[in-house]
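Novice: So the protein lines, in turn, are chains A and B.
Residue numbers are given in the numbering used here: position 526 of the first sequence equals residue 535, and the series is strictly consecutive.
Residue numbers are given in the numbering used here: position 237 of the second sequence equals residue 242, and the series is strictly consecutive.
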Amino acid sequence: MKLVIGQIFALFLAFDVVAGSFTARVDKTVGTLEDRFVLTLTVNGQADSKPSLPEIDGLDSSSAGTSHSTSWVNGVINREVQYRYLLTANRQGKFTIPSIELVVDGKRYTTLPIVIEVQEQVQRADMPATKDLFLVREFSQETAYVGEQVIETIKLYYRLKLLQANRLDSKKTIDLATFALGEERNYRQVHRGRSYQVTELRQAVVPLRAGQLQVPRFILDVVVGLARRGGGFFDDFFSSRQERRRVVSQPFTLTVKPLPPAPTDVINLEIVGDFSINFSLNDRQLTTGNSATLTLTVAGLGNLQGMKAPQLTKIAGIKVYPDKPQINVEHDRQRGLVARATFKYALLPTSAGNYDLGELRLAYFNPASHEFEISNLNLGTLEVEGDEERVVVAGSQQAVQVIGADLSTIHRGDRLLADHSWTLDKWWQLSAIFVVSLLCYALLFIYLRFFHRRTTRRSRAYRLFREAQQSVSATSANVPAVDRNFRTYLGDKFELRGLAVTSLEMRDKIAIKVTDSELCKRIVDHLQKFDRIVFAGRGDCADIWTKTEQLVKEIEKRC
Amino acid sequence: MLRLIFLLFAVSGIAQATDLSERVVIANQAFDAGDYRQAVIHYQEIIADGHHNGHIYYNLGISYHRLQEVGESMASLLAARHYLPRDPDVAFNLKFVEERISDKLSTVMPRKFYDVLNFISDYLSEYEVSFATLALVGLALLLLTLYLFHRQLLFLMKMGVLLLALVVLSLIYLQVKARFPEYWGAVVSPSTKVYSGPRDSNMTLFILHEGAPFVIKQETNGFLKIQLSDGKKGWVAAESGRSFLYPSI
């Protein structure tokens, strides 16, 4: 009944959906995942732009080209442009091609939405003999335990020229892990009396949870080469007609059973398969400071990827250092996943003695026996010889324990000979040193301030006089300057103060300092001569400069 | 003549130094040999001859400790600390002995904010302060002398005056320490009563045990007025205490 209704609906939609001069139609409205739907958009007139096809969820679209045609009917030119799109579905269900807008000849046109239905593939795995291309998928079992590998075999049967094949996986699931097994095989096989070329792929499917799990379809997008109709002998060789097809496998539901509860007194390895567990110890006789290596090996059919290293039970006196696990998984085409996991542990005894390493009970689930299988590994003993002292291992340091305390030892050397005592007598001595030092400084200060300066000045009197005279030329106009220089010289020489006095007053001062009376008289007479010249304007000043020089030299000689 | 006298003094000094050095070596050798009693005798003789050295007291304290005489050991180490306030060995050994006496007392008096002088003595001995004072004097005079010849460098004068002020303060400190020293001692008898006055007829305030440290404040009638680190005060018989710092005991 559904088929009838569908056919009627398809027949209706095969006609042009007229919406002005912009129409949209599909070649069919019902199909399967293998089918492709052709959407044609027809524009009559002048469109402002090219129509754009919106994205449709669940449908992949690709352009199939554009055709232009121009017709002349009754003197009217009619231009038509067709845009073709190929639509392929990723899943079954109903899909709606939405309305598309376009402005043609200045007028806006809108197509009606189109519904297409993608149905379940009606043919079964044993495809009819007339089929030239089909996919067959087989599973090694329909029921499995969580973690148990199931072998999936995919065979592509074809009698056509297969030019290209791309795998298009449907939506991935987190409930299953798949592993490719080996390379693809190609061979010929007769199926229902017809010879087919077969490409076979294999993969292992591992369910990750319990329940009814849908294994995703296997989808191939192929390009086949087809011979021309009515072609000749060479057509098969120079086949130029290519066709794109989609091949989809049948759906498959895997029934996944949960694992039973694991035994409690064992180490559950949390792996599923058929394994053998072995161990080895490289050395059973050691000396302190050396280590032995315990190697644990798990090998067999099943997936060991991500397996964790089993935790060894603690052994008193032995430090255990696990190494990084090594896991190798082979993807065997015939047997599936064949894995080998190696776990190494360094056993470092901390002191000498005989150590019983105990027993290791490891469990894994074997789906063939539907129960956990336990491997009992008796690790044996370890003999350690050597000193009883502790072996320090990095990371195992402990705080130093104080087991005794004592005083620091005695002092020695010359430092015992110094006198450290301090008495009041020493204080007085120190104070005396301080006071004496201050006194010395005070004396120095006085000397520099008063005597040293005077002595310096007196010894330099003649030189200062000579320097002053050099700037004064021997002319009558410079007599006051010469007078001043002479008086300054007398002041420096005899440490006289207050030279701006009369010559008679100067005589009294000089008489105190100069014991030579004759020299004293000559000095006073010379000063009086200056006074007459400077103040009275009388006297011979022609050779006053020279006479002053001579007198100063005389004074220097005699004083 | 003067030269001869000078030579005699020099030789005498050298002879004394040699003698002291030998005696110290002998004392140390006795300690190394395990004859702690003999070591104590030698160290005591050195001290009795007027040679006060912190290291000698330190060694004496260890020797007493080896003889299980905790009180004497404590008194010796307290004397060593007086001369070597910063020595880590002295501090360690003092703490070691302090932790093994019966009475819960400390060898450090609680300091008040005005105890500046005692704060200095925690880190410097008077001997070191006197050396520092001399150095300050020399430096101050040097700066002031330089100033006399370079009057434009006024800061020399200011620095010199500042150093002189420090010297004066230092002398004051040393004078105070000389007149008011802190005499640390310890109880040497197994136990001793502490009285309220300088007679054994006075009330017994508390009992101290061997090794208990105290500071001597006063001496009267053969009794010592002591103060403990926890603030307690009292009088003890002089023969029950020992202080290498106190002149008469």
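Just so it is clear, CB atoms sit at the ideal spot from N, CA and C, and this is done for glycine as well.
As the structure is a computational prediction, the values presented were derived from the model and not from experiment.
For A:F443, which three-state DSSP category applies?
Specialist: For the purposes of this step, residue 443 of chain A is taken as residue 434 along the first sequence, with counting starting at 1. Three-state DSSP puts A:F443 in a helix.
Novice: Less than 6 Å between C-beta atoms, sequence neighbours within five positions excluded: which residues of the same chain meet that for A:R349?
Specialist: Position 340 of the first sequence, counted from the start, is the residue given in the question as residue 349 of chain A. Correct list, in chain order: A308 and N337.
Novice: State the Cα-Cα distance for the pair A:Q91 and A:V52, rounded to the nearest angstrom.
Specialist: By one-based count along the first sequence, residue 91 of chain A stands at place 82. By one-based count along the first sequence, residue 52 of chain A stands at place 43. If I take the Cα positions, the gap works out to 6 Å.
Novice: Between A:I542 and A:P489, what straight-line distance do the alpha-carbon atoms span, to the nearest angstrom?
Specialist: Counting from one through the first sequence, the residue named residue 542 of chain A turns up at place 533. Counting from one through the first sequence, the residue named residue 489 of chain A turns up at place 480. Their Cα atoms are separated by approximately 9 Å.
Novice: Taking A:L366 and A:I324 to be in contact with their CB atoms under 8 Å, please state how far apart those CB atoms are, rounded to whole angstroms.
Specialist: One-based indexing of the first sequence puts residue 366 of chain A at position 357. One-based indexing of the first sequence puts residue 324 of chain A at position 315. Sure, about 6 Å apart at Cβ, within 8 Å.
Novice: Check whether the Cβ of B:A183 lies closer than 9 Å to any Cβ atom in chain A.
Specialist: On the second sequence, residue 183 of chain B is found 178 positions in, with the first residue counted as 1. So, interface residue.
Novice: Roughly how many angstroms separate the alpha carbons of A:S71 and A:F143, rounded to a whole number?
Specialist: Within the first sequence, the letter at position 62 stands for residue 71 of chain A. Within the first sequence, the letter at position 134 stands for residue 143 of chain A. Approximately 23 Å, taken between the alpha carbons.
Novice: How many Å lie between A:I383 and A:R203 at the Cα?
Specialist: Locating residue 383 of chain A in the first sequence gives position 374, where the first residue counts as 1. Locating residue 203 of chain A in the first sequence gives position 194, where the first residue counts as 1. Between A:I383 and A:R203, the C-alpha separation is close to 52 Å.
Novice: For a contact meaning CB atoms closer than 8 Å, what does A:A414 contact in chain B?
Specialist: For the purposes of this step, residue 414 of chain A is identified with residue 405 of the first sequence, where counting begins at 1. Under the 8 Å cutoff, chain B gives F101.
Novice: Would you report the Cα separation of A:V561 and A:F474, rounded to the nearest angstrom?
Specialist: Locating residue 561 of chain A in the first sequence gives position 552, counting from the first residue. Locating residue 474 of chain A in the first sequence gives position 465, counting from the first residue. Distance between the alpha carbons of A:V561 and A:F474: 9 Å.
Novice: Taking CB distances under 9 Å as the criterion, tell me whether A:S480 reaches chain B.
Specialist: For the purposes of this step, residue 480 of chain A is taken as residue 471 along the first sequence, with counting starting at 1. It does not; no Cβ of chain B falls within 9 Å.
Novice: So for A:D69, helix, strand or coil by DSSP?
Specialist: To locate residue 69 of chain A, count along the first sequence from 1; it is residue 60. Looking at A:D69 - three-state DSSP - the assignment turns out to be strand.
Novice: Using a Cβ-Cβ cut-off of 9 Å, state whether B:D40 counts as contacting chain A.
Specialist: For the purposes of this step, residue 40 of chain B is identified with residue 35 of the second sequence, where counting begins at 1. Cβ-Cβ to chain A under 9 Å: no for B:D40.
Novice: How many Å lie between B:G66 and A:V393 at the Cα?
Specialist: In the second sequence, residue 66 of chain B corresponds to position 61, counting from 1. In the first sequence, residue 393 of chain A corresponds to position 384, counting from 1. When rounded, the distance between both Cα atoms is 49 Å.
Novice: Go to A:E380, then tell me how far its beta strand (DSSP E) extends in each direction, as first and last residue.
Specialist: In the first sequence, counting from the first residue as 1, residue 380 of chain A sits at position 371. Segment E380 to N387, the beta strand (DSSP E) holding A:E380.
Novice: Does A:E126 come out as helix, strand or coil in the three-state DSSP assignment?
Specialist: One-based indexing of the first sequence puts residue 126 of chain A at position 117. DSSP places A:E126 in strand when its eight states are reduced to three.
Novice: Going by DSSP, name the residue or residues bridged to A:R253.
Specialist: Indexing the first sequence from 1 puts residue 253 of chain A at position 244. A:V232.
Novice: Which chain B residues are close to A:D6, counting only those with a beta carbon under 9 Å from its beta carbon?
Specialist: In this structure chain A extends from 10 to 568, so residue 6 of chain A is not present and cannot be described.
Novice: From the DSSP output, which residues share a beta bridge with A:N277?
Specialist: Your numbering for residue 277 of chain A matches position 268 in the first sequence. Partner(s): A:A372.
Novice: So, A:L121 versus A:F46, is the Cβ gap smaller than 9 Å?
Specialist: Position 112 of the first sequence holds residue 121 of chain A. Position 37 of the first sequence holds residue 46 of chain A. For A:L121 and A:F46, no; Cβs fall outside 9 Å.
Novice: Return the first residue and the last residue of the alpha helix (DSSP H) that B:V173 is part of.
Specialist: Counted from its first residue, the second sequence places residue 173 of chain B at position 168. First-last of the alpha helix (DSSP H) with B:V173: L159 to R184.
Novice: Here's the rule: buried if 16 or more other CB atoms are within 10 angstroms of the residue's CB, otherwise exposed. What is A:N494?
Specialist: Here the question's residue 494 of chain A lines up with position 485 in the first sequence. A:N494 should be labelled buried.
Novice: Of all the options B:G190, B:A44, B:I61 and B:F124, which has the alpha carbon lying nearest to the alpha carbon of B:L250?
Specialist: Sequence index remark: in the second sequence, residue 250 of chain B carries index 245 (1-based). Among B:G190, B:A44, B:I61 and B:F124, the Cα nearest to that of B:L250 is on B:G190.
Novice: What residue range does the beta strand (DSSP E) around A:W7 cover?
Specialist: Lying outside 10 to 568, the shown extent of chain A, residue 7 of chain A is not represented and no answer is given.
Novice: State whether the segment 150-161 of chain B contacts the segment 32-47 of chain B, with contact taken as three or more CB pairs (one from each stretch) at a distance under 8 Å.
Specialist: No, the segment 150-161 of chain B is not in contact with the segment 32-47 of chain B.
Novice: Our contact map puts A:T214 next to A:V159 with C-beta atoms below 8 Å; I'd like the distance itself, whole angstroms only.
Specialist: Working through the first sequence from its first residue, we reach residue 214 of chain A at position 205. Working through the first sequence from its first residue, we reach residue 159 of chain A at position 150. It should be pointed out that residue 214 of chain A corresponds to Val in this sequence rather than to Thr. That belief holds up - the Cβ atoms of A:V214 and A:V159 are roughly 5 Å apart, short of 8 Å.
Novice: So, are the CB atoms of B:P203 and B:G236 less than 9 Å apart?
Specialist: The residue labelled residue 203 of chain B in the question sits at position 198 within the second sequence. The residue labelled residue 236 of chain B in the question sits at position 231 within the second sequence. In this structure, B:G236 does not lie closer than 9 Å to B:P203 by Cβ.
Novice: So the candidates are A:E339, A:G500, A:T105 and A:I553; which of them puts its Cα closest to the Cα of A:E64?
Specialist: Within the first sequence, numbered from 1, the residue matching residue 64 of chain A stands at position 55. Of A:E339, A:G500, A:T105 and A:I553, the residue nearest in Cα terms is A:T105.
Novice: Please classify A:A138 as buried or exposed, where buried requires at least 16 neighbouring CB atoms within 10 angstroms.
Specialist: Position 129 of the first sequence, counted from the first residue, corresponds to residue 138 of chain A. Residue placement at A:A138 is flagged as unreliable, the pLDDT there being 41, under the threshold of 50; the coordinate-derived value follows with that caveat. Exposed: under 16 other Cβ atoms inside 10 Å.
Novice: Chain B partners of A:L439, CB-CB under 8 Å?
Specialist: Sequence index remark: in the first sequence, residue 439 of chain A carries index 430 (1-based). By Cβ distance, chain B contributes S135, T138, L139, L176 and L179.
Novice: Going by C-alpha to C-alpha distance, which of A:L356, A:Q314 and A:Q320 sits closest to A:E339?
Specialist: Within the first sequence, numbered from 1, the residue matching residue 339 of chain A stands at position 330. That would be A:Q314, whose Cα lies nearest to the Cα of A:E339.
Novice: Could you name the residues of the same chain whose beta carbon sits closer than 8 Å to that of B:A183, not counting the 5 residues immediately before and after it, in chain order?
Specialist: Locating residue 183 of chain B in the second sequence gives position 178, where the first residue counts as 1. Result list for B:A183: E131, in chain order.
Novice: Ignoring anything shorter than 4 residues or poking outside the segment 43-82 of chain B, list the alpha helix (DSSP H) runs there in chain order.
Specialist: DSSP runs (the alpha helix (DSSP H)) wholly in the segment 43-82 of chain B: 59-71.
Novice: Ordered along the chain, which non-local residues of its own chain (more than five positions away) have a Cβ less than 6 Å from that of A:Q132?
Specialist: Counting from 1 along the first sequence, the entry for residue 132 of chain A is found at position 123. Low confidence applies here, because A:Q132 scores a pLDDT of 45, under 50, leaving its location unreliable; read the following figure in that light. Closer than 6 Å at the Cβ level, and outside the excluded window around A:Q132, lies no residue.
Novice: With three or more C-beta pairs closer than 8 Å as the rule, is the segment 48-59 of chain B touching the segment 421-431 of chain A?
Specialist: Touching, yes, given that three or more Cβ pairs across the two stretches are closer than 8 Å.
Novice: Identify, in the order they occur along the chain, each residue of the same chain with its Cβ nearer than 7 Å to the Cβ of B:R247, setting aside the five sequence neighbours on each side.
Specialist: In the second sequence, counting from the first residue as 1, residue 247 of chain B sits at position 242. Answer for B:R247: G76, E77, A80, G190, A191, V193 and I254, listed in chain order.
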